[in-house]
Structure formats: C-alpha cells, structure tokens
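Visitor:
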Amino acid sequence: AMIVEIDDYQQLEEVYGRRALESALTFTQSLIEEHLTEADVTIHLDGSRFMSAFAPQAPHEHEAMLNTCTRIQHALANVPSMTDLPVQLTASIGFAASNKLERPTAEGLMQASFSALSQARRKAPSAVRAFSEAILSRQAARKKIAKDAKRAFEQGEIFAYFQPQLHLHDGTLSGFEALTRWHHPEHGIISPADFLPALEQAGLMQKLGETMIKQALQALTFWDKARLNVPRIGVNFSTSELRNPRLVDRIAMHLDVSNIAPHRLVIEVLETVIADGADEDIIGNLAALADLGCGIDLDDFGTGYASITNIRRFSVGRIKIDRSFVTGIDTDSEQRNMVAAILTMADRLGVQTLAEGVETRGEKDALNALGCHDVQGFQIARPMPVEETIQWAKAYFHQSQEPVLFSKRAS
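Numbered per this note's numbering, the sequence shown spans residues 747 to 1157.
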C-alpha cells in the first residue's frame, strides 16, 4: 500500500484558491493511476491524501516501489502548463510492503503506510519513506516520551540549564542562554533533540515555554541577589509558541511579577523561522515584543538564508553565528572569510554578533581578531544548573584574572 500527500496543501489553497486545489487533486489522482497498473486501486482520502492498494499478485519489492514513488514525485514537479494549477507540486509518500509485516492484513498495511508517511512528512517536501519495524519502535518511543513528559512537568524533571556568554573585548559576562534539559528517572538526561518533537506532537510546547520563561526570570532574580551582573538572558521559542496570540501579554505579566526590566529578556528565534516566511501572527508577536523592550536574537544564523530585509523587519538586535561556521575558524581560511563577511554585514546593519559553539582558545582568539562581539561555547563553559553558575563565575574570572562585576539590582 502507498499513501501520497501533497505538501503545503493549506498554503496552496490560500494562494491559488479552492477551485485550483480541486483541479490539483484530480490531476494528482490521475497522475498516480498512470504510474500504477490497472489492477491497482487509488482512492482520495481526506484533504490532500491519496491511498493506493496494489494488486496482491504483483511483485512489489522495496526497490520497485521506491522507483514508483520517485517517478510520481518527478511527474508532480513538472505539472503541464494549465491556468488553474500551480506550476509545481510536491508530495510526501509513505509505503509498506506486505512481506515486511508480521500480519499482512489490509488494516495493518494501511496503518504501516500511515506510519511511513508520518516519517516522510518530517523530511518534507518531496520525501519518501518505507515502513520498517524501526519506524514502529521510534513511534512507540515518542509516544512513551510524550506520556512521560506530562508527568515530568508535574514532577519538575524538565528545567533550564544555563550557558554563559562573554563580551570578547573585555571578557565580561554579556548574559546567559537558557537551555531545556530533562532529567528522566530511568534514562538520565535526555537530549532536547530526542524529546522536543514528542512534546510538540503532544501539544506541550506552550507548557515548555511557560516553564522556561519562569525559570529564566527566576535565574535573573537569583543572580541579582547574589550580586552577579548578568545583563541579559536568552530564551528559545518554537514556531508554535511564537504564533500564540497570548504570548506577549504572558511575557509582559511574568516580567512585571518578577520586577525584571524587559531589555534583560532576549527572545531567540531560529533563522529558519523567518527565512521560511513567518506568518502574520509571528510577525505581530515579534514586533510587539520588540516594542515591549525585549531583545531579539536570530539563532543559528547561516542555516536558513534569512535576507537582510528580514533582519531589519524583525527588529533583530543580534545574530548568533551558527557553530558550523565557527569550527576551525583559526585554521581554515574559508571559514574565516565567511565569518568576516557576516561580521561586516552585521556591522553595516548596526546588529550585534555572537559566535556559537566556541570550543578552543584558538577559535576564540580568531573571532576576537575579526571583531565578533560575543562568544558562547564549551571553551567558556558547558550548560549548568543555576545553582552552579555563581561558583563557575568565581572560578572562571579568577582564573582569567578578570573580576566578576557586581552591581545593584539591574532590573
């Protein structure tokens, strides 16, 4: 069995209208049928999905089915010139062969195809995935993580670690970044890459955002009481959180309750979010947060191809140069030239810069020589619980012969 789903279906409908989409659906079904045999059956499921059931007597081996999927995708990418259809369509495809199932029933084949499609959609557009037992194992693991996460929030197992950021020109603290960690009672510390997709699938990203904001502002209060001068703290926000119509009011409330000045909170936004074309909700929230006085950092810069216009449009105050550009910058002239170009652009735009993933003294010195403003990475410190930050600061600045700056409550 095979399931084909047109990518970005809702966006296509907004751009081309419902009538064009109806034509696209008709065209897609006929195109799928052209690449199958007369004995195979294709039906239109809900929305933009089509399911094909292959004739039981046909030899549908993995490679043959993969070739069929690829031919369908290529055909969709070359839509004939028709006035009521988009010039190009893409589709994600999942398929399952009966010989890969323990119990090859019709229902089992359908569920397996949907599982494969779910994996393909993670790599969309134009992705193809075949069903395997490994897919079932990953899905079961994600379901368990999502179930465990609901309990984890209640038990306080999900919390923030903090990684320091330094000014290169004088070595003083420019701030911290709050990073999510999960101390699982069975598996120990789980990487965000392993549990964030499960939280998103379970609808728990808003809960995570609330937790991180609270703990970030509590950390600022903790540092103020300890008289450690921490100018700012950065908090990462997912796309779904940035779309939340209540986001700005919620952040303003937390700032007010904590008695923290808005400029000390930095909203970190992945470059891919604005490079892919942020919707009006995200644009409005970022503008409102900038008006509130919060800083806007563009995270992982260099991975999403954000235009200069977008940097201006979203009131970005600092770009965080992705670690892929930083690694080996002291020995690789191409890396140096790339970072130098980014720094020149930022300087012309009046935007601050921070280099992520700095792991050696050589990389740090090279960035300083190029004129980068701030750095963050293992060469300075790994992320740590808030309770350890004071001791780290005393040890690090004493070792560097650079005193920790103390001040009155900065907020």
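Backbone N, C-alpha and C fix where the C-beta goes; we use that ideal spot for every residue, glycine too.
Can you tell me which of Lys896, Ala823, Ser798 puts its alpha carbon nearest to the alpha carbon of Met856?
Guide: Working through the sequence shown from its first residue, we reach residue 856 at position 110. Checked all of Lys896, Ala823, Ser798; the closest Cα to Met856 is Ser798.
Visitor: How would you call Arg1064, buried or exposed, if buried means at least 16 neighbouring beta carbons within 10 angstroms?
Guide: Counting from 1 along the sequence shown, the entry for residue 1064 is found at position 318. Per the 10 Å Cβ criterion, buried.
Visitor: Please classify Asp1037 as buried or exposed, where buried requires at least 16 neighbouring CB atoms within 10 angstroms.
Guide: As a first step, residue 1037 is located in the sequence shown; it is residue number 291 there, counting from the start. The residue is exposed, with fewer than 16 neighbouring Cβ atoms inside 10 Å.
Visitor: Name the two residues that bound the continuous beta strand (DSSP E) containing Phe1060.
Guide: As a working mapping, residue 1060 is identified with position 314 in the sequence shown. Run containing Phe1060: none; DSSP gives neither H nor E here.
Visitor: Round the Cβ separation of Phe1161 and Val1132 to the nearest angstrom and send it over; I've been treating them as touching at under 8 Å.
Guide: As shown, the chain starts at 747 and ends at 1157. That puts residue 1161 outside it, with no answer to give.
Visitor: Can you have a look at Ile997 and say buried or exposed, based on whether 16 or more other CB atoms are within 10 angstroms of its CB?
Guide: The count along the sequence shown starts at 1 and reaches residue 997 at position 251. Classification for Ile997: buried.
Visitor: Assign Ser937 to one of three DSSP states: helix, strand, or coil.
Guide: Reading the sequence shown from its first residue, position 191 is the one you call residue 937. In the structure shown, Ser937 sits in coil (DSSP, three-state: anything other than H, G, I, E or B).
Visitor: Which partner residues of Phe983 appear in the DSSP bridge assignment?
Guide: Stepping through the sequence shown from its first residue, residue 983 is reached at position 237. Paired residues: none, contrary to the question.
Visitor: Using the rule of at least 16 other Cβ atoms within 10 Å of the residue's Cβ for burial, across every protein chain shown, is His1119 buried or exposed?
Guide: Translated into the one-based positions of the sequence shown, residue 1119 becomes position 373. The residue in question, His1119, is buried, as its Cβ has 16 or more Cβ neighbours within 10 Å.
Visitor: On the criterion of 16 or more Cβ atoms from any shown chain inside 10 Å, does Leu791 qualify as buried, or is it exposed?
Guide: Locating residue 791 in the sequence shown gives position 45, where the first residue counts as 1. It counts as exposed.
Visitor: Could you pull out every unbroken alpha helix (DSSP H) segment of at least 4 residues lying fully inside the stretch 758-790, listed in chain order?
Guide: 764-780
Visitor: Using the Cα positions of Arg868 and Asp1076, report the straight-line distance between them to the nearest angstrom.
Guide: Translated into the one-based positions of the sequence shown, residue 868 becomes position 122. Translated into the one-based positions of the sequence shown, residue 1076 becomes position 330. Arg868 and Asp1076: Cα-Cα distance of roughly 36 Å.
Visitor: May I ask you to list the residues that DSSP assigns as paired with Asp1043?
Guide: Residue numbering aside, residue 1043 sits at position 297 when the sequence shown is read from its first letter. Beta-bridge pairing links Asp1043 to Glu1014, Arg1064.
Visitor: Reducing DSSP to helix, strand and coil, say where Val1104 ends up.
Guide: Here the question's residue 1104 lines up with position 358 in the sequence shown. In the structure shown, Val1104 adopts coil according to DSSP, grouped into three states.
Visitor: For Ser864, which of Thr851, Asp916, Ala842 has the nearest alpha-carbon?
Guide: On the sequence shown, position 118 is the one that residue 864 refers to. Checked all of Thr851, Asp916, Ala842; the closest Cα to Ser864 is Ala842.
Visitor: Does the beta-carbon distance from Leu1116 to Val1097 come in below 8 Å?
Guide: By 1-based counting over the sequence shown, the position of residue 1116 is 370. By 1-based counting over the sequence shown, the position of residue 1097 is 351. It is not a contact, given that the beta carbons lie outside the stated cut-off.
Visitor: Which one of Cys1040, Phe773, Gln1137 has the shortest CA to CA distance from Pro977?
Guide: Counting from 1 along the sequence shown, the entry for residue 977 is found at position 231. Among Cys1040, Phe773, Gln1137, the Cα nearest to that of Pro977 is on Cys1040.
Visitor: Tell me, please, whether the stretch 843-854 touches the stretch 776-795 by the rule of three or more beta-carbon pairs shorter than 8 Å.
Guide: no
Visitor: Give the DSSP-derived three-state secondary structure of Glu809 in the structure shown.
Guide: Locating residue 809 in the sequence shown gives position 63, where the first residue counts as 1. Correct three-state label for Glu809: helix.
Visitor: Relative to the alpha-carbon of His952, which residue among Leu988, Asp754, Ser937 has its alpha-carbon at the smallest distance?
Guide: Counted from its first residue, the sequence shown places residue 952 at position 206. The question names His, yet the displayed sequence has Gln at residue 952. When each option's Cα is compared against that of Gln952, the closest is Leu988.
Visitor: Once you ignore the five residues that flank Gln819 on each side, which residues in its own chain have a CB closer than 8 Å to its CB?
Guide: Here residue 819 corresponds to residue number 73 of the sequence shown, with the count starting at 1. The beta carbon of Gln819 sits closer than 8 Å to the beta carbons of Thr836, Ala837, Ile839, Ser872, Val874 from its chain, once the five residues preceding and following it are set aside; these are given in chain order.
Visitor: Which residue marks the beginning of the beta strand (DSSP E) containing Thr967, and which one marks its end?
Guide: Here residue 967 corresponds to residue number 221 of the sequence shown, with the count starting at 1. Where Thr967 is concerned, there is no enclosing beta strand (DSSP E), although the alpha helix (DSSP H) it sits in stretches over 951-971.
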